[in-house]
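This report refers to the structure that appears directly beneath it.
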Amino acid sequence: MAMFYLLLLLVLVGIVSFVLGPIKVLRNIIAFLGAVTAFFYFLTNIKPGLIYSLNIRVYNVHFEAGFSSMFFGVIITALFIIFLIASFHEENDGAYYLFAYLTLTGALAVLFAKDLISFFFFFETMSLFSFLMVLKGKSDTSFRSAFKYLVWSVFGGYAFLMGTFLKVYYTHSVMIGDISYLAGGVKLLILILLLAPFAVKAALMPFHLWAPDAYKDSKDTFTVFFSGGLSKIGVFGYFLVLFKVFTEIAVKYPYFLKAFAWLGAITAALSGIYAFMQDDAKKLLAYSSISQLGYVAVGFGIYTHFSVVAALFHALGHAVFESLLFLVVAGVYYRTKTTDLRKMGGLIKRMPLSFIGLLFGIIATSGIPPTIGFPSKWLLYEALILKGDLLLTSLVFFASITAFLYSYKLVHGIFLGKLHEEHKNVKEAPLGYAFGTVVLLVPLLVLGIIPGLVIKPIDYIVRFYLKPELGYNLANMNTPLGHVNFPVVGLVMGLTFALSLFIYLIAGKSYRAEQTDNYTATEAIDEDFELHYAGEFYGFMKKAFGRPLTWSFEKILNAFLKLFSFLGEVARGFYMGDARVYLFYVIAFFALLAYLMGGKL
Amino acid sequence: MNGGLLFYGSSVFLMVMGIFIAITGKHLIKILLGIDLFDVGLNLLIISFGYVNGGTAPIFSKYPHIFKNVVDPVPQALVLTAIVIGVAEMAMGLAIVMKIKEKFGTCNIAKLKELKW
Amino acid sequence: MSILYFFLYLLLVTIIGLLYMGAARKITAHIQNRYGPPVYQPILDVLKLFAKKDTASHGIMHSLGPVIAYTGIAATLLFLPLGNHTPLLHFNGDLFVVLYLLVVGPLGMALGAGESANSNATIGIARALSMMLGYEIIFFMATLPVFYHYGTASIYRVIQAQGAFPDWAAILFPISFIAGLFALQGLMGEKPFELVVAPHEIASGPMVEYGGKYLGLLQIWHAVGIIVETGLFVDIFFGPQSILWFFAGTFIVFFATVIVNAVMPRFRIEQAVRFYWGLPLLLSILGILQVYIWR
Amino acid sequence: MKLFKFAQSRSLWMMHFCTGCGAVELPPTMTSRFDMERFGIIPMATPRQSDLLLITGYLTVKTLKRVVRAYEQMPTPRYVIGFGSCTINGGMYWDSYNVIKKLELYIPVDLYINGCMPRPEAIIDAFLKLREMIDKGEANAWKKYIENYEWYKKNQAEVFDVEKWSLKK
Amino acid sequence: MVSPILVIALSLFFAFVIPLLGMVSKKLPRLVPPLAMLVNLWILITNIKFVSRGAMLVTTAGLKPPIAINLAIDRFSLLFVILIQLIGLLLSVYYLSQDNRDQRFYMLFLLNILGASGIVMTGDIFNSFVFLEILEISSFGLVASKKDRKALEGGFKYMVIGAIGSSLYLLGIIVLYLTTGSLNMAEIAKLMPHIPESIKLFAALLLLAGIGVEVELFPLNAWAPDAYHGAKDEISTQLSSIISKAGIYLAARIFFTIFNGFYALKIIFYLGVITFVIAELAALMQKNVKRMLAYSSIGQMGLLMLILSLVAKRGDVFVITTVILLALNHAFGKGLLFLSLGALSGGNGEYEIENLGGNGRANPLAGFLFTVGALSIVGMPFFFGFWSKISALISLMKTNVIYLIALVLVISLVEIYYYGNVIVNLFRGEGKKYGISIVPAAVMILFALFVIVFGIWPHPVFQIAQSAAVSLIERTTYISSIIGGM
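Protein chains in written order, with the working numbering: chain A, 817 to 1417; chain B, 162 to 278; chain C, 656 to 950; chain D, 26 to 194; chain E, 6 to 491.
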């Protein structure tokens, strides 16, 4: 019952905040309290193994809280609270919060759903209401991207439905049960169909076309929840399908898993490259989010205990640092009303806290030791080498190199470089954003230094399906290949930093040079001299990649969609417009039928 | 059922002629007339089904007990209503054609092509 | 006691690094048949730089840039076993820790240079990071077969696993060794790939706004960097060495890169990246295939 | 500290402001024939990194602005060597309207090398002379610039718009 | 017990009273239709309890069934009659707000509703032909009532096809009469096994012609896009919600009760599939929203007929419940779409997507209602359409026609594409504002309420649909309760 009350609570809070729409303050308080109570209710009452089924005469909806749903549920609800706090600064109407709450309800319900039809029902609810949230985006292109997102997620939903019906047809049970005992190729088809919506949600390569636009055009604070939280449903789906629905996949279809891993690696690499080609901060972060989710797909593709723990840990990491980055960019947008890297610059002087947030965010994105990004990347590489496919490891390494490129471009574009005239008196990001940044920084560092805290629950989930091999305790992790003591790595970095700071301090003093006091071959420069080199930051890389950069999956898809419009033309052609022709149709139809049935007459 | 070739032949001929006119007609009223011809042919066909060679109307008050060659009355009743309905159809059709002439200015069906595809 | 041991160790490596740089200038001078400065010249340069009275700084991040750079390289040094001489911490981290710490240096310097709001600096950093797309991949793919062959990711155990001269990794995996050399040239930022600090094109790249003590720190960072990078290469490919033979090995490798540096012109940035995706990539893939077949 | 003084004299990073005809003398001094690098002197790209400024010829109003800006961008202690007679008294352009007659008025100069474009040997001599002066601690012309900063600025103001060109300290 | 025959009698009476009232004052005729509908509904509701088991027989002129024309109403037909009267009532209330109607329009409207409810209630085949004719002629009139070029053209095309279709329907009846000797549906159903196979097929084909026109199957629905496109919005609503529902009832009654669902249904199956595919693809290419909705309506009808034709195969209750659900969803969803489109375009008939841009933002209520209608038709969760679509797919699976599920899903993806395209366009940029008076708004909100309320809690509607489906399945009880005498 607890699950049903939780969902009911969320829906009620949504409706109440819609009704209280105009009274801003009251609505915000109610919305915030609702989210917090939901979070704590979730923690206290939802125990794994809780079963509950609701009979609505037509179908009965089954809920079951597993460990993985607990894990993802906590992440999504926490991110929802951070999103909510930050969104109070934007002026949103009541409907915005209603849709937000209904999206969250859909997401949590998907985590709990036990039978496939209700799974589809809640998945569709989540897609519909997040579509409406994206529709409320800020720019005029948000309509086009919202529409693209809807069509893609409904495509995923329908593939899932098709898979469900195939499954029910062959196994006569609607529950999420094992299908590996089925004979023949049908179980591969069911597997692919069931996996499709989650590949769409977690923006795996061929299905990622909606993600950059949707993340860019939705409201900034919502992107925090959208990319951090909702993509976790995709990851949950991977876990669900690859472990619960198809238990002996490693035995029956190892090549499918290998292809899945390669697809994840290609996603990571290609979206990394697209990321550092973008000039818009949010689009860059969107591609970076897709790239990070590519690693998670690789982790699941390898299908060993190490790699799945690495994938889940990286999913958690992604939730933390991706939402941190989006939150900071949202704060910057709130102050400077632009996300275009070319127009920003030098904001470190005006927004130091945001700079620190973004700095640690990009350190985590590129997986540098003291932060949360490193343990999962480290474990992923260990798993890849243990599995033995070195070419895949190199592709994943290439993808993580692109992480350095686009994260530096982001930090340089926004915070470093010349402070533009109009940003002279920009204040620090407001409290909502600052609070979220600080809150997200804590796990980013703590889990980077002592990953054991989170490895324990993750291992507990994966232990049920794969023989546990990863040796770990609070501080360090070891695999047959190598051993890392994370606190020591952090400590060493701190120590050496202190040392070099000491060297820096004993040397002579330095004076604060003014912005125009810059080496420009001794030319005098004044304020509007464009010193900020952010646009076309890696322009020369376009020449390095050359033509392959112009190929895009979108062109192939559009060519395929042409087929539909051709068929449409043909179908439309029947209705000529002349009554006599219609009459001719009727008579010809009967003549034909009579002829066909002639034998039987 | 033995109305003989004449009736069946002529009604089928009428129906085929009606359809032919309706399909190839240029003028709206010609099409309507084609449809009407089809109806007439149909009615004739129905009547001829109920025809008994040499049979008389089954009125029992005057000849209470003649049962042999009595014509089947039901198709005739049906045809009555069918004819009335045909009239109603034609009335509505011609009303529409009048309005089309008024609005389109022509009765040529080729011009009635505003709604297509 | 180990803290003092750690400072001494770092100082020693810095001085050796500076001597390497002096030797490099001496070698290039003699190649251009002139005498060239005394070998200890870089030490003097560093002392002079630290003696500078006041230097311009463009903000906290600008001044912290070199500090983070030096932190990165110092931390990497600690995790790197020099020959079979075991430093403090190599047990707590393996190849990936070293690889990722190696990146902290350039990233720190990049952050600092970015703050200096000078377009030359930013172009320099853009080149540095794009170059990483080239050499970092080849370096990783070159070292991967070795680690895979010996079935461990910890550098120290790789050193122990390699026997005496005939079964060094360089001999067992010649193709990867050559690819590694190509990568090392880029890693060290030597002439054909010296795009980051191209004095003629972008006025010494990221260092354009750094003077005095910042430049001193960056010089030390570069010095330690030489030892670490060549040391990593030697550890992986040349097996167990005593501390002396280890430094001899690093000098030989360094000598090779300096010679190439003295005579080669400089690539354009896209040429450099494309070069890396050509022959070296092919070699490293062959190296990996070799591991599969041979093992 | 004596060691620092020794280091400062032995490693001078030079930035030559190649105006006038002196610039062509420098390549031979740098390359293998005369090899000034053996004295620890290497050419640097930016004023931030260099401590020695070589003025290799006559200065016009236009170039003086830039010289002053470069000079101010260099970290202290910094030294200036003036090449040729044009920096001493305007040389053969003594009567031209836009050539700077006395470099002394605008930036403090440690050392002059006379000769209408001194040969590399003379330049090497100058460097050795400068090295001695640093060792003996006499080469502190840069302190003069700081002490009577206004005087220099007044002189410069006569020649160019100081407000726009000089760096705000 | 008020005899349902009054429903027909009263409607006729009201229809012909209107001209008299018209002479008294301009305002009065508008009030007549809602009054008529209310009375009819009241009559029908009182009769519900008589239909709990088997069909209820209403004799006319005192004679026993096989001779006289009688009404045979079971739960299945009662459900449809109430649906038709209810939507008729809503539409007539909608017309209250428009005073530029001449009284003849109200007469046609009443005749139309009369025809529809007559078809659904009658137990006699020829009687159904007569009501079918009344229905078609009045709908020609209604379509052409806007008296502009498009409406007249649409009306004419509908008339040509409708006339031929109904004549063929008549021929079919005659063939049935000749072979079974009776005109009463139950009688024919009882004698059906004795009819030779080929005759049965020939009769079914001919009947299919008449019904095909009403139910818009592929070759016969050529008139539909033009009629929907030409007619005024309320008339299109009536076309899609009332007239096609009567067609569905007739198809179910004839092909299931009388023909006991034999292999002829295979033809409807293929026709349904072709209609569904062609209509939806054609809709994809439309620039004019009205015509797009027309094609979408035809597509939905195709899907409905597709599911209906499955009845013959397994004949279990679930498939028929799905048919009823689909019919309800189509009636209310599509009706809502047409009405809100009218409100969005301000009734001046420019339905191009471009110049509709931003209207959704300009008049938010109409925009919201249009979105609700579209989302329900497409089958989004929390809307009634979701349940009908899911049960449609389940029934497809139950009659193990698995590949068809894939086709239906792909086609509904196309559907979402073009509906989404319109919705997104509605809310982009700023459009023209059209005032909307309370009455039409209330009607539309009622439509929307049905879709949303039963979307969230579909239980009651399932209940009714199931019981109606049971009554259709029990063919023998239908026959016995009619022929077996009272």
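Don't be surprised by glycine CBs; every beta carbon is placed ideally from N, CA and C.
| query | How would you list, in chain order, the residues of chain A whose beta-carbon sits under 9 Å from the beta-carbon of Leu-276 of chain B? | reply | Those within 9 Å of Leu-276 of chain B in chain A are Tyr-1391 and Gly-1393.
| query | Where does Gly-1393 of chain A sit, in a helix, a strand or coil, going by DSSP? | reply | In the structure shown, Gly-1393 of chain A sits in coil (DSSP, three-state: anything other than H, G, I, E or B).
| field | 8 Å Cβ shell around Gly-1287 of chain A - same chain, five flanking residues per side excluded | value | Excluding sequence positions up to five before and after Gly-1287 of chain A, its CB lies within less than 8 Å of the CB of Met-1293, Asn-1294 and Thr-1295, all in the same chain and listed in chain order.
| query | Hey, how far is the Cα of Thr-81 of chain D from the Cα of Lys-1358 of chain A? | reply | Approximately 43 Å between the Cα atoms of the pair.
| Counting contacts by CB-CB distance shorter than 8 Å, is Ser-36 of chain D in contact with chain C? | Yes, because at least one Cβ of chain C sits closer than 8 Å to the Cβ of Ser-36 of chain D.
| said: Report the CB separation of Thr-1039 of chain A from Leu-1169 of chain A in whole angstroms; it is logged as a contact under 8 Å. | reply: That pair is no contact at about 20 Å.
| field | Per-residue DSSP class, three states only, for Leu-870 of chain A | value | Correct three-state label for Leu-870 of chain A: strand.
| Got a sec: which bits of the segment 978–992 of chain A sit with their beta carbon under 8 Å from any beta carbon on chain E, in order along the chain? | Within the segment 978–992 of chain A, Met-978, Phe-981, Leu-982, Val-984 and Tyr-985 place their CB atoms closer than 8 Å to a CB of chain E, listed in sequence order.
| Nearest chain C C-beta to Phe-42 of chain D closer than 8 Å, yes or no? | With 8 Å as the cut-off, Phe-42 of chain D does not count as an interface residue toward chain C.
| Quick one: Cα of Ile-410 of chain E to Cα of Leu-1011 of chain A, how far? | Cα to Cα, the separation comes out at about 18 Å.
| Is the Cβ of Leu-78 of chain D closer than 8 Å to any Cβ of chain C? | Not a single CB atom of chain C sits nearer than 8 Å to the CB of Leu-78 of chain D.
| said: In the DSSP output, which residue or residues are listed as bridge partners for Phe-388 of chain E? | reply: DSSP lists no partner for Phe-388 of chain E.
| query | Going along chain B, which residues have a C-beta under 8 Å from Val-135 of chain E? | reply | Those are Thr-242 and Ile-246, listed as they occur along chain B.
| said: Between His-713 of chain C and chain A, is the shortest Cβ-Cβ distance under 8 Å, so that the two count as touching? | reply: Residue-level contact by beta carbon holds for His-713 of chain C and chain A, with a gap shorter than 8 Å.
| said: To test your reading of the DSSP string, which unbroken alpha helix (DSSP H) runs of 4 or more residues are found completely within the segment 1353–1393 of chain A? | reply: The qualifying runs are 1355–1361 and 1369–1389.
| query | Would the C-beta of Lys-154 of chain D count as close to the ligand MN, meaning under 7 Å from any of its heavy atoms? | reply | This structure lacks the ligand MN; in fact it carries no ligand of any kind.
| request: Can you check DSSP and say which residues form a bridge with Phe-42 of chain D? | output: D:Ile-80, per the DSSP bridge assignment.
| query | Taking Leu-1174 of chain A as the reference, which of A:Phe-1214, A:Leu-1101, A:Leu-1046 and A:Tyr-1119 has the closest Cα? | reply | The option with the nearest alpha carbon to Leu-1174 of chain A is A:Leu-1101.
| What residue does the alpha helix (DSSP H) around Asn-132 of chain E start on, and which one ends it? | Membership of Asn-132 of chain E in the alpha helix (DSSP H) is indicated by the continuous run 130–148.
| Three-state secondary structure (DSSP) of Gly-490 of chain E | At Gly-490 of chain E the pLDDT is 49, less than 50, meaning the model places this residue with poor confidence and gives no usable figure here.
| message | For a test of the three-state rule: what should DSSP assign to Glu-183 of chain D, helix, strand or coil? | response | DSSP places Glu-183 of chain D within a helical segment (H, G or I) once states are collapsed to three.
| said: Report the CB separation of Phe-81 of chain E from Ala-473 of chain E in whole angstroms; it is logged as a contact under 8 Å. | reply: The pair is a contact, with the Cβ atoms about 5 Å apart (cut-off 8 Å).
| field | Boundaries (first-last residue) of the alpha helix (DSSP H) holding Ser-333 of chain B | value | This structure cannot settle anything about residue 333 of chain B, because the visible part of chain B is limited to 162 through 278.
| query | Which residue comes first and which comes last in the beta strand (DSSP E) that contains Ala-711 of chain C? | reply | Judged by DSSP secondary structure, Ala-711 of chain C falls within the beta strand (DSSP E) whose first and last residues are 710–712.
| field | First and last residue of the uninterrupted beta strand (DSSP E) at His-804 of chain C | value | Run containing His-804 of chain C: none in the beta strand (DSSP E); it sits in the alpha helix (DSSP H), 774–805.
| message | Below 8 Å on C-beta distance, what does Asp-956 of chain A contact in chain E? | response | Those are Arg-433 and Gly-434, listed as they occur along chain E.
| If you run the structure through DSSP and keep just helix, strand and coil, what is Asn-114 of chain D? | Look at Asn-114 of chain D here: in three-state DSSP terms it is helix.
| Within the chosen definition, does the segment 255–263 of chain E reach the segment 359–375 of chain E through at least 3 CB pairs nearer than 8 Å? | Segments in contact, no.
| said: Let me check understanding here. Comparing Cα to Cα, which of E:Ile-407, E:Leu-431 and E:Ala-447 lies closest to Val-984 of chain A? | reply: Considering only alpha carbons, the answer is E:Ile-407.
| Nearest-angstrom Cα distance between Leu-203 of chain B and Tyr-111 of chain E? | Taking the straight line joining both Cα atoms gives about 32 Å.
| task | Taking only beta carbons into account, state which residues of the segment 1345–1359 of chain A come closer than 9 Å to chain D, listed in chain order. | result | For the segment 1345–1359 of chain A, which is checked against every Cβ of chain D, not one residue is closer than 9 Å.
| message | Comparing C-alpha positions only, which one of E:Lys-162, E:Thr-242, E:Met-290 and E:Leu-210 sits nearest to Leu-181 of chain E? | response | Per the C-alpha coordinates, the member of E:Lys-162, E:Thr-242, E:Met-290 and E:Leu-210 positioned closest to Leu-181 of chain E is E:Leu-210.
| message | Suppose you measure from the CA of Asn-773 of chain C to the CA of Thr-1336 of chain A; what does that come to, to the nearest Å? | response | Rounded to whole angstroms, Asn-773 of chain C to Thr-1336 of chain A spans 8 Å at the Cα level.
| message | Just to confirm, is the Cβ distance from Leu-1157 of chain A to Asp-1096 of chain A under 8 Å? | response | In contact: Leu-1157 of chain A and Asp-1096 of chain A (Cβ atoms closer than 8 Å).
| Nonlocal neighbours in the same chain, by C-beta distance under 6 Å from Ile-1179 of chain A, ignoring five residues either side | Cβ neighbours of Ile-1179 of chain A beyond the five flanking positions: Thr-1187.
| said: Does Leu-33 of chain E come out as helix, strand or coil in the three-state DSSP assignment? | reply: Looking at Leu-33 of chain E - three-state DSSP - the assignment turns out to be helix.
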